[in-house]
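In the working numbering, the protein residues as written are 62 to 330. Inspection log for the structure reproduced underneath, given as structure tokens.
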Amino acid sequence: MKQQFNKKSFLFLFVLLLVSLTGCKSNTTVEQDTLEKVKRTDKIVWGVKYDTKLFGLMNIEKREVEGFDIDIAKKLTNRILGENGSAEFVEVTSKTRIPLLKNGNIDAIIATMTISEERKKQVDFSDVYFAAGQSLLVHKDSDIRDVTDLNEGKTVLAVKGSTSAENIRKHAPKAKVLELENYAEAFTALQSNQGDAMTTDNSILLGMAAENTDYQLAGKKFTDEPYGIAINKEQNEFQQALNQVIEEMKQDGTYQKIYKKWFKEEPKE
Ligand code: GLU
Numbered sequence: 062m063k064q065q066f067n068k069k070s071f072l073f074l075f076v077l078l079l080v081s082l083t084g085c086k087s088n089t090t091v092e093q094d095t096l097e098k099v100k101r102t103d104k105i106v107w108g109v110k111y112d113t114k115l116f117g118l119m120n121i122e123k124r125e126v127e128g129f130d131i132d133i134a135k136k137l138t139n140r141i142l143g144e145n146g147s148a149e150f151v152e153v154t155s156k157t158r159i160p161l162l163k164n165g166n167i168d169a170i171i172a173t174m175t176i177s178e179e180r181k182k183q184v185d186f187s188d189v190y191f192a193a194g195q196s197l198l199v200h201k202d203s204d205i206r207d208v209t210d211l212n213e214g215k216t217v218l219a220v221k222g223s224t225s226a227e228n229i230r231k232h233a234p235k236a237k238v239l240e241l242e243n244y245a246e247a248f249t250a251l252q253s254n255q256g257d258a259m260t261t262d263n264s265i266l267l268g269m270a271a272e273n274t275d276y277q278l279a280g281k282k283f284t285d286e287p288y289g290i291a292i293n294k295e296q297n298e299f300q301q302a303l304n305q306v307i308e309e310m311k312q313d314g315t316y317q318k319i320y321k322k323w324f325k326e327e328p329k330e
């Protein structure tokens, strides 16, 4: 009887130990020092867009993701880890990017992401690396000239988890907002007349309009959307390393070169 009790309690303790160890493992993923981890593994896992022309778009033929965010991420990786360091890319959407970062699936987000006070409650940001602003995309025959034309009866398409979906409710309170999963879906919805306009950053809309000449931007930007690289909280050394390289790239012309490659003009600042 006594022996049986001991066996049982041993089994119980063993299971308890296993459970707590598994618990610890998932915690360390997020709590560990990101800079130390990326140096140890010799790679940085970046969360990037796969459906956003100019910033992060999958090239099906090459099976590679391409864009401004991608080139900046590759340079940051090489300068932080050295030429042998590798940049790995994982697809995120506006909705999935913060959960993927917080779960430890990615080390950083570089994905057209606006630095906002709301998001700062969950993640930290690098310094600004791109200045965008929210605008509208409409068919070229549309009567919508700017955001004030989005009145009652109009439907505007936005993407879940984006600042655009929130901002548009303030700037066009009477319009109906339809939220899609990603930018590819939102643009398809616009093309099939499920909405009168689509809204997100001018920089993203310009990429769509360039490829689809039946569509154009309507009106000027009505918000400021400064892009930053998002990382987990309390990763001060990683944050400093990113900021230092961004500054270096601006000083030595690398940033300007990448900017010109994608946007065919000099950076505004
Ligand atoms: N910059 C805006 C945002 O962070 C819109 C682009 C996006 O959804 O990534 O939400």
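The beta carbon of each residue, even a glycine, is placed where N, CA and C say it ideally should be.
Please confirm whether any heavy atom of ligand 1 lies closer than 7 Å to the CB of V220. yes
Beta-carbon spacing of I319, F186 below 8 Å: no
Are there 16 or more other CB atoms within 10 angstroms of the CB of S264, so buried, or fewer, so exposed? buried
Do I205 and V184 come within 8 Å of each other at the CB atom, strictly closer than that value? no
What does a CB cutoff of less than 8 Å around V153 pick up in its chain, not counting 5 residues either side in sequence? G108, V109, K110, L161, I167, I170, A172
Between which two residues does the alpha helix (DSSP H) holding G268 run? 263-272
Local conformation of Y111 per DSSP, three classes: coil
Cα-Cα, which of F283, N273, E272 is closest to T260? F283
Taking contact to mean 3 or more Cβ pairs, one atom from each stretch, closer than 8 Å, check whether the region 127-143 and the region 304-311 are in contact. yes
Is the separation between the beta-carbon of A219 and that of A226 shorter than 8 Å? yes
May I ask you to check if the CB of I265 is nearer than 7 Å to at least one heavy atom of ligand 1? yes
DSSP-derived helix/strand/coil call for Q300: helix
Contact test: M259 Cβ vs ligand 1 heavy atom, cutoff 7 Å: no
If I'm right that K114 touches G268 with Cβ under 8 Å, what's the distance once you round it to whole angstroms? 3 Å
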